[in-house]
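In the working numbering, the protein residues as written are 18 to 221.
Below is one structure; the comments refer to it alone.
Following this line, the structure appears as structure tokens:
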């Protein structure tokens with residue numbers, strides 16, 4: 018694929034991915050509420066969702082996505098419901114100093130991955146980027162198999178960089194909370210972030 022086109026795509030994706038949205042709010046909220054243990058699997062699910070939308074765009078399946086609108090509505094609301102569930106769990110967790118070490122019962126990686134995937138498939142920001150903006154950035158009719166592989170690699174690399182940055186920042190911020198009162202505030206803030214992400218996904 019043309020290096021200039023790949024660079025343009027990567028730059029546009031970086032700007033879109035780094036801007037605050039439901040995905041970023043969910044990742045930050047999860048790290049603040051539960052620590053680093055489960056952030057990787059959740060982030061992988063988010064990135065795979067982007068790959069799905071990228072594939073739809075390249076294959077010209079925007080019309081198909083519209084045809085299966087009801088299916089994507091179910092996915093969208095499932096993702097929103099999952100975020101609300103996480104928001105409730107974090108909001109109601111006991112405000113104990115030991116919570117700073119994220120000693121919580123771990124969730125299965127597959128469940129986390131599917132949660133991240135559902136979030137992105139229902140994320141209006143991702144849908145607009147891949148199905149509306151991407152065709153204005155690249156000539157999708159000329160993408161070869163190799164070009165597709167390069168775009169997938171660029172997508173995973175950019176999202177990995179962006180999400181890793183937010184995860185590290187959230188983890189460092191989490192270390193500042195060492196008293197039960199501060200942890201209670203952290204839990205409430207985190208729960209509100211997750212609920213806000215759910216509202217953003219469900220309202221579009």
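From the three backbone atoms N, C-alpha and C, an ideal C-beta is built for every residue, glycine too.
This one's a predicted model, so the numbers in the text were calculated from it and none came from an experiment.
Alpha-carbon to alpha-carbon, residue j and residue i
{"i": "residue 21", "j": "residue 173", "result": "18 Å"}
{"i": "residue 212", "j": "residue 158", "result": "39 Å"}
{"i": "residue 47", "j": "residue 38", "result": "14 Å"}
{"i": "residue 186", "j": "residue 56", "result": "13 Å"}
{"i": "residue 134", "j": "residue 72", "result": "14 Å"}
{"i": "residue 12", "j": "residue 126", "result": "Because the chain is modelled from 18 through 221, residue 12 falls outside the range shown and cannot be assessed."}
{"i": "residue 120", "j": "residue 49", "result": "In this predicted model, residue 120 has a pLDDT of only 45, less than 50, meaning its place in the structure is not dependable; the value taken from the coordinates is given anyway. Each residue's alpha carbon lies about 13 Å from the other."}
{"i": "residue 150", "j": "residue 102", "result": "32 Å"}
{"i": "residue 116", "j": "residue 141", "result": "Low confidence applies to residue 116: its pLDDT is 44, below 50, so where it sits in the model is not reliable, and the reading given next is rough at best. Each residue's Cα considered, the two are about 33 Å apart."}
{"i": "residue 209", "j": "residue 43", "result": "10 Å"}
{"i": "residue 160", "j": "residue 23", "result": "11 Å"}
{"i": "residue 130", "j": "residue 19", "result": "32 Å"}
{"i": "residue 67", "j": "residue 128", "result": "18 Å"}
{"i": "residue 189", "j": "residue 27", "result": "27 Å"}
{"i": "residue 77", "j": "residue 33", "result": "21 Å"}
{"i": "residue 171", "j": "residue 147", "result": "14 Å"}
{"i": "residue 45", "j": "residue 105", "result": "16 Å"}
{"i": "residue 181", "j": "residue 145", "result": "23 Å"}
{"i": "residue 94", "j": "residue 53", "result": "26 Å"}
Beta-carbon proximity list for residue i, same chain, < 7 Å, skipping 5 on both sides
{"i": "residue 165", "result": "75"}
{"i": "residue 35", "result": "179"}
{"i": "residue 41", "result": "183"}
{"i": "residue 143", "result": "66, 67, 70 and 137"}
Same chain, Cβ closer than 8 Å to residue i, neighbours up to 5 away in sequence not counted
{"i": "residue 224", "result": "Since the first residue shown for the chain is 18 and the last is 221, residue 224 is missing from the structure and cannot be characterised."}
{"i": "residue 152", "result": "74"}
{"i": "residue 69", "result": "134, 137 and 138"}
{"i": "residue 229", "result": "Residue 229 lies beyond the range of the chain shown here (18 to 221); nothing can be said about it."}
{"i": "residue 251", "result": "No statement about residue 251 is possible, as the shown extent of the chain runs from 18 to 221 and does not include it."}
6 Å Cβ shell around residue i - same chain, five flanking residues per side excluded
{"i": "residue 30", "result": "175"}
{"i": "residue 64", "result": "173 and 176"}
{"i": "residue 191", "result": "49"}
{"i": "residue 169", "result": "68"}
In the segment 120–153, which residue ranges form an unbroken alpha helix (DSSP H) of at least 4 residues, counting only runs that do not cross its ends?
Scanning the segment 120–153 for uninterrupted alpha helix (DSSP H) segments of 4 residues or longer gives 126–138 and 141–145, listed from N- to C-terminal end.
Segments of 4+ residues assigned as alpha helix (DSSP H) that fall wholly inside the segment 27–57:
Segments of the alpha helix (DSSP H) lying fully in the segment 27–57: 39–51.
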